[in-house]
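Down below is the structure, laid out as C-alpha cells.
Protein chains: 2
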Amino acid sequence: MHIRILGSAAGGGFPQWNCGCRNCSELRAGSLQATTRTQTQLAFSPDGQVWFLLGASPDLRSQIIATAQLAPPPGDTTGSPIAGVFLTSADVDSVMGLLHLREFQSFFIFATPAVQRLLKNENRVFDVLHRADPPVLWQTLSPGARLACRFGEDPSAPPSFVCSPTSLGCDFPDFVSTELRRTLPSSEAVLALRFEQAGKSFCFAPCLSENSGEGMKAAASSNVAFLDGTFWSDDELIQTGRGQKTAREMGHLPLSGRDGLLAQFPKDSECRKILVHINNTNPILDESSDERRAAREAGFEIAYDGMEVTL
Amino acid sequence: MHIRILGSAAGGGFPQWNCGCRNCSELRAGSLQATTRTQTQLAFSPDGQVWFLLGASPDLRSQIIATAQLAPPPGDTTGSPIAGVFLTSADVDSVMGLLHLREFQSFFIFATPAVQRLLKNENRVFDVLHRADPPVLWQTLSPGARLACRFGEDPSAPPSFVCSPTSLGCDFPDFVSTELRRTLPSSEAVLALRFEQAGKSFCFAPCLSENSGEGMKAAASSNVAFLDGTFWSDDELIQTGRGQKTAREMGHLPLSGRDGLLAQFPKDSECRKILVHINNTNPILDESSDERRAAREAGFEIAYDGMEVTL
Numbered sequence: 002m003h004i005r006i007l008g009s010a011a012g013g014g015f016p017q018w019n020c021g022c023r024n025c026s027e028l029r030a031g032s033l034q035a036t037t038r039t040q041t042q043l044a045f046s047p048d049g050q051v052w053f054l055l056g057a058s059p060d061l062r063s064q065i066i067a068t069a070q071l072a073p074p075p076g077d078t079t080g081s082p083i084a085g086v087f088l089t090s091a092d093v094d095s096v097m098g099l100l101h102l103r104e105f106q107s108f109f110i111f112a113t114p115a116v117q118r119l120l121k122n123e124n125r126v127f128d129v130l131h132r133a134d135p136p137v138l139w140q141t142l143s144p145g146a147r148l149a150c151r152f153g154e155d156p157s158a159p160p161s162f163v164c165s166p167t168s169l170g171c172d173f174p175d176f177v178s179t180e181l182r183r184t185l186p187s188s189e190a191v192l193a194l195r196f197e198q199a200g201k202s203f204c205f206a207p208c209l210s211e212n213s214g215e216g217m218k219a220a221a222s223s224n225v226a227f228l229d230g231t232f233w234s235d236d237e238l239i240q241t242g243r244g245q246k247t248a249r250e251m252g253h254l255p256l257s258g259r260d261g262l263l264a265q266f267p268k269d270s271e272c273r274k275i276l277v278h279i280n281n282t283n284p285i286l287d288e289s290s291d292e293r294r295a296a297r298e299a300g301f302e303i304a305y306d307g308m309e310v311t312l
Numbered sequence: 002m003h004i005r006i007l008g009s010a011a012g013g014g015f016p017q018w019n020c021g022c023r024n025c026s027e028l029r030a031g032s033l034q035a036t037t038r039t040q041t042q043l044a045f046s047p048d049g050q051v052w053f054l055l056g057a058s059p060d061l062r063s064q065i066i067a068t069a070q071l072a073p074p075p076g077d078t079t080g081s082p083i084a085g086v087f088l089t090s091a092d093v094d095s096v097m098g099l100l101h102l103r104e105f106q107s108f109f110i111f112a113t114p115a116v117q118r119l120l121k122n123e124n125r126v127f128d129v130l131h132r133a134d135p136p137v138l139w140q141t142l143s144p145g146a147r148l149a150c151r152f153g154e155d156p157s158a159p160p161s162f163v164c165s166p167t168s169l170g171c172d173f174p175d176f177v178s179t180e181l182r183r184t185l186p187s188s189e190a191v192l193a194l195r196f197e198q199a200g201k202s203f204c205f206a207p208c209l210s211e212n213s214g215e216g217m218k219a220a221a222s223s224n225v226a227f228l229d230g231t232f233w234s235d236d237e238l239i240q241t242g243r244g245q246k247t248a249r250e251m252g253h254l255p256l257s258g259r260d261g262l263l264a265q266f267p268k269d270s271e272c273r274k275i276l277v278h279i280n281n282t283n284p285i286l287d288e289s290s291d292e293r294r295a296a297r298e299a300g301f302e303i304a305y306d307g308m309e310v311t312l
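Protein chains in written order, with my numbering: chain S, 2 to 312; chain Z, 2 to 312.
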C-alpha cells in the first residue's frame with residue numbers, strides 16, 4: 002500500500018488565516034523553524050494506480066494539484082486516478098473538500114448513514130456532486146463491520162483491501178442541531194479507519210478522545226497509525242488566546258501529561274506512530290522545541306505535507 | 002481604493018483536478034505558456050487598512066495566506082484586517098470559502114435575502130460561522146438599492162464607500178430544488194456589485210448572461226470593470242470533451258462571436274476592462290494564442306492571480 006500525507010494540520014491549517022499566535026506570527030515573519038501545513042488529508046493506493054482519499058479536506062484542490070500521482074493520465078480528458086473518498090466524520094475539516102470535487106466526476110463516497118444524512122438532507126449544496134453522469138456513488142460504512150473492496154469485473158476475485166471502521170466515541174459537529182443529534186446514532190459520528198491488504202495494515206485516527214479506547218486498540222494493532230496530534234496541552238487554546246475550551250472539551254486527547262496520548266497509547270504496540278491533524282498553536286510545529294523532541298523521544302513521528310509511507 | 006485579484010479562474014481553477022484538456026495537460030507538463038490560477042476572488046480596501054472580500058472562493062484559505070495585506074497585524078492574536086465579505090450569488094464558487102473563515106471570527110456578510118436563506122436554512126454547515134462571539138453579522142444586499150458603508154463611531158460621518166448591486170438576470174445554482182426556486186425572487190440570484198468612493202468606481206461582474214443588460218451598463222459606467230471571461234466560444238465545453246452544455250446554457254456569454262462579450266460590451270465606455278473567472282478550457286489562458294491576442298486587441302485585459310489595481 003502506498004500512502005501519501007497531502008496535509009497534516011488541524012482545521013484552519015498552518016498558518017491560520019486570522020491567527021496571530023506565536024507559531025503563526027513567527028512562521029509568517031520567517032523566524033520559526035517550521036513548515037507550512039495544509040489541513041489533514043491522506044491518500045492511499047492499493048496498487049500504485051488507483052487512489053482513495055481519506056477525508057476530504059478544505060484544501061483538497063491544492064493538495065491534489067500538488068500531487069503528480071493524482072493527476073489525470075496524459076491523453077485522458079475526463080479521467081482521474083481518484084476512485085473514492087472515505088469520510089471519518091461530518092466535520093467541516095473532513096467533508097468540505099467534497100465540494101472541490103464537484104467537476105462532473107463520478108466516484109465512491111464511503112460514509113456512515115448518519116454522515117450521509119447530514120450531507121444529503123441537511124446541506125443541499127452537496128447536491129452538486131450528483132451532477133456527474135453517473136452521479137457519485139454512496140457506500141455505507143458501519144462501525145464494527147469489515148468492508149471488502151474489490152476492483153475489476155470478477156466478483157469472485159479476492160478483495161483488494163479491507164476497510165474496518167471503529168467508532169471513536171466522539172460527537173457530531175457543532176452545526177448539527179440538538180433535535181437532529183437525538184435522532185442520529187452517536188457511534189456513527191466519528192470513525193477510525195483501518196485498512197488491511199496482504200497482511201499489512203494502517204489506521205487513520207485523526208480525532209482521539211478519552212472515549213476512543215476501541216480506536217486506540219485498532220491503531221495499536223496496525224503496522225502504521227496516523228494519530229490525533231491536535232494539541233500539546235489541554236489548555237493550549239486558552240493559553241494562546243485562541244479559544245475558551247480545553248482540548249478535552251473539544252474532543253481531543255492532548256499529547257502531553259499523564260493522561261495524554263503519548264503516555265496512554267498502548268506501550269506494547271509495535272506500530273509506527275505518526276501524528277497528524279496538528280493545530281497551529283501546537284509547539285511541536287516548532288522544530289527546535291522541547292515539546293517536539295519529547296514527542297520524538299516517546300516514539301512518535303510528526304507528519305508533514307508530502308510525507309510518503311509504503312507498506 | 003486598492004483592489005487585489007486573489008484568484009482569476011472559473012470554478013475548479015486552473016489546472017482543474019480531474020481535467021485532461023489541452024490547457025490543463027500542457028500546463029501540468031510545463032509546455033504551456035501560462036500560469037496557474039486559483040478560483041476567482043477579489044479583495045478591496047477603501048483605505049489600505051480594512052479589507053473586504055468580493056465572493057468567498059473555494060481557494061480562499063490559500064489566497065489569504067498568499068496575501069501579506071490580509072494577515073493579522075503582528076502582536077494581535079485574534080485580529081484580521083478582513084471586515085466583511087460581499088456575496089454575488091449562492092454558487093459553490095462564490096460561497097464555499099465562507100467555510101474557510103470558520104475560525105471563531107466575527108465579520109460582515111453582505112448577501113441578498115435569497116442567498117442568505119439558501120445558506121442559513123438549506124445548508125446547516127454554514128452554522129459554523131455562528132460560533133464566533135459575536136457571531137458573523139448578516140447584511141442585506143437589495144438589487145437596485147445603494148448601500149452606504151461607514152466606518153467608525155460617528156453615524157453622521159460621510160460613507161466610506163457605496164455599494165450598488167444590480168441583478169444579472171441569471172439563475173440560482175443547480176443545487177436549489179425546483180420547489181424552492183419558485184419561492185425565491187430570481188432578481189436575487191446573481192449580482193454585479195459596483196463600488197464607489199470619492200468619484201471613482203469599479204464593478205465586479207464575474208457572471209454575465211444574455212439577460213445581463215443592466216449589469217453591463219453598471220460595468221460600462223465604472224472606471225474599472227472585472228468581467229465574465231469564462232468561455233471563449235459557445236461550444237467550448239463540448240469541443241474539449243468537458244461537458245454537454247453550451248456557454249449560454251450555463252448562463253455565460255462567450256467572449257467571441259458577433260453576440261459575444263467582446264463585441265457586445267458598450268463601445269462608448271471608457272472603462273478599463275479586465276476579464277476574470279476564466280475557465281480552464283479557455284484558449285486565452287495560453288499566452289501565445291490568437292484568441293488571447295484578439296481579446297487584448299479588443300481592449301480587454303486578462304486578469305492573473307496577484308494582479309493589483311489602484312483607483
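Glycine included, C-beta positions come from ideal geometry on N, C-alpha and C.
Relative to the C-alpha of M91 of chain S, which residue among S:A206, S:F176, S:R273, S:E250 is closest? Within the first sequence, residue 91 of chain S is the residue found at index 90, counting from 1. Note on identity: in this sequence residue 91 of chain S is Ala, with Met being the wrong assignment. Answer by Cα proximity: S:F176.
Put L262 of chain S into one of helix, strand or coil per three-state DSSP. For the purposes of this step, residue 262 of chain S is taken as the residue at position 261 of the first sequence. In this structure, L262 of chain S counts as helix in the three-state DSSP scheme.
With 7 Å set as the bound, which would you pick, yes or no: does the beta-carbon of Q17 of chain S sit closer than that to a beta-carbon of chain Z? Position 16 of the first sequence holds residue 17 of chain S. It does; some Cβ of chain Z falls within 7 Å.
Distance CB(A221 of chain S)-CB(C272 of chain S) smaller than 7 Å: In the first sequence, counting from the first residue as 1, residue 221 of chain S sits at position 220. In the first sequence, counting from the first residue as 1, residue 272 of chain S sits at position 271. In contact: A221 of chain S and C272 of chain S (Cβ atoms closer than 7 Å).
By Cβ distance below 6 Å, which residues in the same chain neighbour P207 of chain S in space, the five residues on each side in sequence not counted? Taking the first residue of the first sequence as 1, we reach residue 207 of chain S at position 206. Correct list, in chain order: T41, D229, V277, H278.
With a floor of 3 residues, list each beta strand (DSSP E) that falls wholly inside the region 14 to 66 of chain S, ordered by position along the chain. 42 to 46, 52 to 55
N- and C-terminal bounds of the alpha helix (DSSP H) containing P114 of chain Z: Indexing the second sequence from 1 puts residue 114 of chain Z at position 113. Where P114 of chain Z is concerned, the enclosing alpha helix (DSSP H) stretches over 114 to 121.
Residue closest to F127 of chain Z, alpha-carbon to alpha-carbon, out of Z:P144, Z:L102, Z:G145: Numbered from its first residue, the second sequence carries residue 127 of chain Z at position 126. Checked all of Z:P144, Z:L102, Z:G145; the closest Cα to F127 of chain Z is Z:L102.
Please give the ranges of any alpha helix (DSSP H) in the region 72 to 151 of chain S, keeping only runs that are unbroken, at least 4 residues long and fully inside the region. 93 to 96, 114 to 121
Are the CB atoms of V96 of chain S and A57 of chain S nearer to each other than 7 Å? Taking the first sequence and counting its residues from 1, one reaches residue 96 of chain S at position 95. Taking the first sequence and counting its residues from 1, one reaches residue 57 of chain S at position 56. Cβ atoms of V96 of chain S and A57 of chain S: closer than 7 Å.
Counting contacts by CB-CB distance shorter than 7 Å, is V129 of chain S in contact with chain Z? Residue mapping note: residue 129 of chain S aligns to position 128 of the first sequence, counting from 1. Judged by the 7 Å Cβ criterion, V129 of chain S is in contact with chain Z.
Say whether the region 132 to 147 of chain Z touches the region 167 to 187 of chain Z, bearing in mind that this needs 3 or more beta-carbon pairs closer than 8 Å, one atom from each stretch. yes
Just confirm the distance between the C-beta atoms of N283 of chain Z and E211 of chain Z, as a whole number of angstroms; I'd bet it's less than 8 Å. Locating residue 283 of chain Z in the second sequence gives position 282, counting from the first residue. Locating residue 211 of chain Z in the second sequence gives position 210, counting from the first residue. Not quite, the Cβ-Cβ distance comes to about 19 Å (not below 8 Å), so this is no contact.
So within the region 181 to 230 of chain S, which uninterrupted beta strand (DSSP E) runs reach at least 3 residues, ignoring any that extend past its ends? You should have 192 to 198, 201 to 206, 225 to 229.
Which residues in the same chain have their Cβ closer than 7 Å to the Cβ of A149 of chain S, if we skip the five residues on either side of it in sequence? Numbered from 1 along the first sequence, position 148 holds the residue referred to as residue 149 of chain S. If we look at A149 of chain S and ignore the five residues flanking it on each side, its Cβ neighbours are P160, V163.
Please say whether N24 of chain Z and S81 of chain S have beta carbons closer to each other than 7 Å? Sequence index remark: in the first sequence, residue 81 of chain S carries index 80 (1-based). Sequence index remark: in the second sequence, residue 24 of chain Z carries index 23 (1-based). No, the Cβ-Cβ distance between S81 of chain S and N24 of chain Z is not below 7 Å.
Go ahead and pull the three-state DSSP assignment for E250 of chain S. For the purposes of this step, residue 250 of chain S is taken as the residue at position 249 of the first sequence. Helix, per DSSP.
The beta strand (DSSP E) with L286 of chain S in it runs from where to where? Against the first sequence, residue 286 of chain S aligns to sequence position 285. Per DSSP, L286 of chain S belongs to no beta strand (DSSP E) and is neither H nor E.
Identify whether L312 of chain Z lies in helix, strand or coil by the three-state DSSP scheme. Position 311 of the second sequence, counting from 1, holds the residue named residue 312 of chain Z. L312 of chain Z falls in the coil class under three-state DSSP.
In angstroms with no decimal places, state the Cα-to-Cα distance between L209 of chain Z and T231 of chain Z. The residue given as residue 209 of chain Z occupies position 208 in the second sequence. The residue given as residue 231 of chain Z occupies position 230 in the second sequence. Straight through space, the alpha carbons of T231 of chain Z and L209 of chain Z are spaced by roughly 9 Å.
Continuous beta strand (DSSP E) stretch holding E302 of chain S: start and end: What you label residue 302 of chain S is simply residue 301 of the first sequence in a count that begins at 1. Where E302 of chain S is concerned, the enclosing beta strand (DSSP E) stretches over 301 to 303.
At least one CB of chain S closer than 7 Å to the CB of N376 of chain Z: is that the case? The question about residue 376 of chain Z has no answer, for chain Z in this structure spans 2 to 312.
Given that G252 of chain Z touches chain S, what residues does it touch there, using C-beta distances under 8 Å? Stepping through the second sequence from its first residue, residue 252 of chain Z is reached at position 251. Neighbours of G252 of chain Z on chain S: none; closest Cβ ~14 Å, over 8 Å.
So what's R294 of chain S in DSSP terms, helix, strand or just coil? For this step, residue 294 of chain S is matched to residue 293 along the first sequence. If DSSP states are grouped into helix, strand and coil, R294 of chain S belongs with the helices.
I'd like to check one pair, L100 of chain Z with V93 of chain S: are the Cβ atoms closer than 7 Å? Position 92 of the first sequence, counted from the first residue, corresponds to residue 93 of chain S. Position 99 of the second sequence, counted from the first residue, corresponds to residue 100 of chain Z. A contact, by the Cβ cut-off of 7 Å.
Can you name the residues of chain Z whose CB is closer than 8 Å to the CB of C171 of chain S? Here residue 171 of chain S is taken as the residue at index 170 of the first sequence, counted from 1. Result: empty, since nearest Cβ-Cβ is about 17 Å, beyond 8 Å.
Quick one: Cα of Q1 of chain Z to Cα of V225 of chain Z, how far? The requested residue 1 of chain Z does not occur in the structure, where chain Z is confined to residues 2 to 312.
Presumed contact (8 Å Cβ cut-off) between I275 of chain Z and A304 of chain Z, rounded CB distance: Start at 1 with the first residue of the second sequence, and residue 275 of chain Z comes out as number 274. Start at 1 with the first residue of the second sequence, and residue 304 of chain Z comes out as number 303. Confirmed, about 5 Å.
For T311 of chain S, which residues of its own chain have a beta-carbon under 8 Å away from its beta-carbon, when the five flanking residues on both sides are left out? Counted from its first residue, the first sequence places residue 311 of chain S at position 310. Here the set comprises M2, H3, I4.
Less than 7 Å between the beta carbons of L263 of chain S and L254 of chain S, yes or no? Indexing the first sequence from 1 puts residue 263 of chain S at position 262. Indexing the first sequence from 1 puts residue 254 of chain S at position 253. For the pair L263 of chain S and L254 of chain S, the CB atoms are not nearer than the 7 Å cut-off.
Give a yes or no on whether 7 Å exceeds the smallest Cβ distance from V191 of chain Z to chain S. Here the question's residue 191 of chain Z lines up with position 190 in the second sequence. Against chain S, the CB of V191 of chain Z has no partner CB under 7 Å away; the residue lies outside that interface.
Which two residues bound the contiguous beta strand (DSSP E) that contains L7 of chain S? Position 6 of the first sequence holds residue 7 of chain S. From DSSP, the beta strand (DSSP E) with L7 of chain S extends over 3 to 8.
Per-residue contacts from A72 of chain S into chain Z (C-beta, under 7 Å): Sequence index remark: in the first sequence, residue 72 of chain S carries index 71 (1-based). Near A72 of chain S (Cβ distances below 7 Å), the residues of chain Z are R29.
Classify L276 of chain Z as helix, strand or coil using the three-state DSSP reduction. Sequence index remark: in the second sequence, residue 276 of chain Z carries index 275 (1-based). In the three-state DSSP reduction, L276 of chain Z falls in the strand class (E or B).
Consult DSSP for T167 of chain Z and reduce its assignment to one of helix, strand or coil. Taking the second sequence and counting its residues from 1, the one referred to as residue 167 of chain Z is at position 166. Three-state result, T167 of chain Z: strand.
Are the Cβ atoms of L286 of chain Z and A67 of chain Z separated by less than 7 Å? Locating residue 286 of chain Z in the second sequence gives position 285, counting from the first residue. Locating residue 67 of chain Z in the second sequence gives position 66, counting from the first residue. In this structure, A67 of chain Z does not lie closer than 7 Å to L286 of chain Z by Cβ.
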